[in-house]
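Chemist:
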Amino acid sequence: MITEIAPARERESAAPQQPRKVRRAWDEVPRWQIYLPLGIYLVFTLIPFYWILLFAFRPAGSTSLVPWPMTLDHFQKVWTERSFGVYFQNSVYVGVATLILTTVVALAGGYALARFEFKVKRAFMLALLCSQFVPGALLLVPLFQIFAKLQMINSLGSVILAETVFQLPLSMILISGFIRNVPQSLEEAAWVDGCNRFAAFRIVVLPLLRPGLIAVGSFAFVHAWNHFLFALMFLSDQSKQTIPVGLNTLMSADSVDLGALAAGGIVAAIPVVIVFAFIQKWLITGFSAGAVKG
1 MITEIAPARE RESAAPQQPR KVRRAWDEVP RWQIYLPLGI YLVFTLIPFY
51 WILLFAFRPA GSTSLVPWPM TLDHFQKVWT ERSFGVYFQN SVYVGVATLI
101 LTTVVALAGG YALARFEFKV KRAFMLALLC SQFVPGALLL VPLFQIFAKL
151 QMINSLGSVI LAETVFQLPL SMILISGFIR NVPQSLEEAA WVDGCNRFAA
201 FRIVVLPLLR PGLIAVGSFA FVHAWNHFLF ALMFLSDQSK QTIPVGLNTL
251 MSADSVDLGA LAAGGIVAAI PVVIVFAFIQ KWLITGFSAG AVKG
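Counting in UniProt numbering, the sequence shown runs from 1 upward without gaps.
#1: Give me the DSSP bridge partner(s) of V256.
#2: For G85, which residues in the same chain have their Cβ closer than 8 Å to its Cβ, ignoring the five residues on either side in sequence?
#3: How big is the Cα-Cα spacing for A97 and H227?
#4: What does the alpha-carbon distance come out to for the pair L232 and V66?
#5: Given this structure, state the Cα-to-Cα distance separating A56 from P69, to the nearest angstrom.
#6: Would you please state the rounded distance, in angstroms, between the beta carbons of V94 and L156? I believe it to be under 8 Å.
#7: So the alpha helix (DSSP H) M125 belongs to, where does it begin and stop?
#8: Between K149 and F49, what straight-line distance do the alpha-carbon atoms span, to the nearest angstrom?
#9: Assess, as a yes-or-no matter, whether the stretch 162-172 is touched by the stretch 120-136 under the definition of 3 or more beta carbon pairs within less than 8 Å.
#10: Kindly list the residues whose CB is nearer than 8 Å to the CB of V275, restricted to its own chain and excluding five residues on each side of it in sequence; keep chain order.
#11: Comparing C-alpha positions only, which one of D257, V216, L126 sits nearest to L174?
#12: Do Q241 and N90 have their beta-carbon atoms positioned less than 8 Å apart in this structure?
#13: Taking the alpha-carbon positions, what's the I279 to T103 distance?
#14: Alpha carbons only, please: which of L113, L42, A60 is nearest the one belonging to L72?
#15: Since F88 and V267 should fall inside the 8 Å C-beta cutoff, what is the C-beta to C-beta distance between them, to a whole number of angstroms?
#16: Is Y111 near the ligand ADP, with its Cβ less than 7 Å from a heavy atom?
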């Protein structure tokens with residue numbers, strides 16, 4: 001029996017070819033050239049945080065580079081003696097109210113920009129974009145005069161309205177871009193089923209906007225929580241002040257209580273860290289989706 005042996009070249013062509021591994025530029029870079037800059041940047045970033053923790057938990061008068069024995073005296077001092085409990089409550093009220101107002105108004109305005117056509121739409125969008133180049137300090141004088149005539153000076157409502165107005169342009173742009181990513185055919189199908197425009201928006205579109213709404217709301221909350229200028233100018237009563245203004249009261253011309261200042265900084269940072277820890281996935285999705293067609 002004669003067995004025909006195929007040439008070696010034919011056998012190689014008949015055999016399944018393995019995919020050729022593509023060599024990328026960073027595959028040839030030594031690992032230490034990647035890890036060393038990242039490690040330096042990480043150390044440079046974490047040292048200030050460690051320094052704050054050191055002063056916050058280290059006993060007063062100690063020069064140790066390790067916060068041991070640990071003490072909570074600085075936290076007790078800022079919370080009771082420095083009225084940080086009142087500042088914290090006011091900041092929560094301002095932040096939550098700004099979040100709600102900004103989200104509701106930006107949702108209505110963003111839907112109008114995304115779904116309706118009108119003559120001054122381009123000019124209005126250009127005005128929204130240009131408003132982002134205006135620093136908040138330029139708004140202090142006109143806002144102060146308006147709130148003085150409305151008798152809203154030394155009221156948390158003035159800070160809430162100012163923060164909302166300051167946040168609306170960017171929020172409307174983000175929301176409108178996110179709504180454009182929702183096919184209008186979904187709303188039209190709801191209209192055919194008997195829904196009016198508002199019902200179709202509430203049932204069909206609104207559930208799909210959750211990442212965008214979370215992104216806009218969290219951005220408004222964090223900005224209102226950390227903003228110092230409006231609270232300093234519009235609030236004169238100590239019982240109405242917010243945490244950023246409260247931190248400023250810990251510094252005087254003669255001395256600075258570093259322990260109390262560090263403890264107050266940690267108290268101010270905890271809510272922001274908690275918010276971003278829970279919403280980071282929705283935040284990235286919302287900002288990226290809102291920027292696609294914004």
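Every residue gets a Cβ at the ideal spot worked out from N, C-alpha and C, and that includes glycine.
Modeler: Walking through what the data contain:
#1: M251
#2: Apart from sequence neighbours up to five positions away, the residues of its chain that approach G85 with a beta-carbon distance below 8 Å are W79, ordered along the chain.
#3: 14 Å
#4: 35 Å
#5: Going from the Cα of A56 to the Cα of P69 covers about 12 Å.
#6: 6 Å
#7: Looking at the DSSP string, the run of the alpha helix (DSSP H) that includes M125 is 121-131.
#8: Rounded to whole angstroms, K149 to F49 spans 44 Å at the Cα level.
#9: yes
#10: S218, F221, V222
#11: V216
#12: yes
#13: 16 Å
#14: For the residues L113, L42, A60, the minimum Cα distance to L72 belongs to A60.
#15: Contact flag correct, Cβ pair sits at about 7 Å.
#16: Because no ligand of any kind appears in the structure shown, any question about the ligand ADP cannot be addressed here.
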